[in-house]
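If you read the sequence shown in this note's numbering, its first letter stands for residue 2, the second for the next number, and so on.
Glycine included, every Cβ here is placed at the ideal spot set by N, Cα and C.
A short worksheet on the structure shown next.
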Amino acid sequence: MSKWLQSGMRRDLCVLLYGERRRGQQLKADVEAHYDGRLDPDRFYGAMQKLVRAGYVEKGREGLHDVYALTDAGERAVEDHAAWIRDEVA
Numbered sequence: 002m003s004k005w006l007q008s009g010m011r012r013d014l015c016v017l018l019y020g021e022r023r024r025g026q027q028l029k030a031d032v033e034a035h036y037d038g039r040l041d042p043d044r045f046y047g048a049m050q051k052l053v054r055a056g057y058v059e060k061g062r063e064g065l066h067d068v069y070a071l072t073d074a075g076e077r078a079v080e081d082h083a084a085w086i087r088d089e090v091a
């Protein structure tokens, strides 16, 4: 597994992006709901920047909003991780 996906939060962000683009604020709200707590904006956007630099996520714009989507490499990483979980809990 890539070191960029060794962080649970980065993996969770990629899982949330699997199959759909999301605005940054919606993605942040969704991961906060999953963790049942507030996430520091610097931590969230820092994680997103690392994922973009690593090539797992692409960042775009819709009007004033940042929009994120998985790249092909990001989709493969999520699929590989899901397969590993299935194998381990089977």
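Problem set entry | DSSP state of Tyr69 mapped onto helix, strand, coil | strand
Problem set entry | Collapsed DSSP secondary structure at Arg39 in the structure displayed | coil
Problem set entry | C-beta contact flag for Tyr69 and Arg22 at 8 Å | It is a contact, given that the beta carbons lie within the stated cut-off.
For this session: Round the Cβ separation of Glu63 and Arg24 to the nearest angstrom and send it over; I've been treating them as touching at under 8 Å.
Result: 7 Å
Problem set entry | Same chain only: Cβ atoms within 8 Å of Arg39, ignoring 5 sequence neighbours per side | Glu33
Problem set entry | CB of Cys15 within 8 Å of CB of Ala83, strictly | No.
Exercise. In angstroms, rounded to a whole number, what distance separates the CA positions of Asp43 and Tyr36?
Worked result: 17 Å
For this session: Could you please give the first and the last residue of the uninterrupted alpha helix (DSSP H) stretch that includes Arg12?
Result: 9 to 18
Exercise. In whole angstroms, what is the alpha-carbon distance linking Lys29 and Asp41?
Worked result: 10 Å
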